[in-house]
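In our numbering, the protein residues as written are 1 to 293.
First the structure, in the form of structure tokens, and then the observations on it.
Here it is as structure tokens:
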């Protein structure tokens, strides 16, 4: 017969729990100062609080590891799918990626761009769709299709540039580009306006009606300084925005044609017109800053 025992209350025993497994998400993921570890990835990302710097940062699926994508805001009324990202911003940064093959072998490859907001968050990814012969035979005058996709790879904007003579002395065959959003549905056009000295364009809506104008300098040269193209009203009395080619540094400018641009416009401007301004920026890039082989 076992003796009767009385167990007195005392301090609780120390319980040793097993270590956290790899890939475990820490407590309150997304809280300021916490780190979320994702399975299959070796690096960790500090997750800032919602609303930091005006727009929350998040790692969206479908993009490269570590790419910071802008979260999609609620779409406004009559907004084409994918353009809701443009509804709450007043500035766009466009960075052309350096192509190593162009630097080493001096032949033109397809241009690739990152489109970001003023916080450095990626909005879109743009890639040129042309063949080798078109790029290297037609040079900066080449026709192209530029496909702009969102963070999940969905094509939201398509730019179509037909073949035109890139000579200011030929007013009968001026440059133009068509902007489609979604693909196959035109939302606007950018057409070159002939002028004997200045660089001028007209921004049109989907019906072909003139909406805004773009005026550039007499000599488009980005040597040691940026170049500005002002977006104005039709009477050219009110400046409503600006497309700027930024100086990228001596080595980058000398050995590559990878350019950086900034687009400024009113925050409350129609998202379709914002998309058309993106098309205008790419047309300006190909016309004046694409290297001739």
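Every residue gets a Cβ at the ideal spot worked out from N, C-alpha and C, and that includes glycine.
Using the three-state DSSP reduction, which class does residue 207 fall into: helix, strand or coil?
Here residue 207 refers to the residue found at position 207 when the chain shown is read from its first residue. Looking at residue 207 - three-state DSSP - the assignment turns out to be coil, as it is neither helix nor strand.
Smallest Cα separation from residue 94: which of 268, 246, 270, 266?
Counting from 1 along the chain shown, the entry for residue 94 is found at position 94. With distances taken between Cα atoms, residue 94 lies closest to 246.
Could you tell me whether the Cβ atoms of residue 183 and residue 81 are closer together than 7 Å?
By one-based count along the chain shown, residue 183 stands at place 183. By one-based count along the chain shown, residue 81 stands at place 81. Not a contact, by the Cβ cut-off of 7 Å.
Can you check whether the CB of residue 159 is closer than 7 Å to the CB of residue 146?
Against the chain shown, residue 146 aligns to sequence position 146. Against the chain shown, residue 159 aligns to sequence position 159. Contact flag set, yes.
Tell me the DSSP secondary structure of residue 146 in three-state form.
Stepping through the chain shown from its first residue, residue 146 is reached at position 146. Looking at residue 146 - three-state DSSP - the assignment turns out to be strand.
Quick one: Cα of residue 120 to Cα of residue 68, how far?
Taking the chain shown and counting its residues from 1, one reaches residue 120 at position 120. Taking the chain shown and counting its residues from 1, one reaches residue 68 at position 68. In a straight line, the C-alpha of residue 120 is about 8 Å away from that of residue 68.
If you draw a straight line from the alpha carbon of residue 274 to that of residue 84, how long is it in whole angstroms?
Here residue 274 refers to the residue found at position 274 of the chain shown. Here residue 84 refers to the residue found at position 84 of the chain shown. The straight-line gap from Cα to Cα measures roughly 11 Å.
Residue closest to residue 208, alpha-carbon to alpha-carbon, out of 137, 269, 186
If you number the chain shown from 1, residue 208 lands on position 208. Ranking the options by Cα distance to residue 208, first place goes to 186.
Contained beta strand (DSSP E) runs [length at least 3] in the stretch 68-141, N- to C-terminal order
91-96, 112-116, 122-129
Cβ atoms of residue 259 and residue 235: under 7 Å apart, would you say?
Taking the first residue of the chain shown as position 1, residue 235 is located at position 235. Taking the first residue of the chain shown as position 1, residue 259 is located at position 259. No.
Would residue 229 and residue 214 be called neighbours here (beta carbons separated by less than 7 Å)?
If you number the chain shown from 1, residue 229 lands on position 229. If you number the chain shown from 1, residue 214 lands on position 214. Yes, they are a contact pair.
Rounded to a whole number of angstroms, what is the C-alpha to C-alpha distance between residue 287 and residue 206?
On the chain shown, position 287 is the one that residue 287 refers to. On the chain shown, position 206 is the one that residue 206 refers to. Residue 287 and residue 206: Cα-Cα distance of roughly 23 Å.
Can you tell me which residues form a DSSP beta bridge with residue 177?
For the purposes of this step, residue 177 is taken as residue 177 along the chain shown, with counting starting at 1. DSSP, once it has assigned bridges, lists 190 as partnering residue 177.
Segment limits, beta strand (DSSP E) that includes residue 239
Working through the chain shown from its first residue, we reach residue 239 at position 239. Run containing residue 239: 239-246, per the beta strand (DSSP E) assignment.
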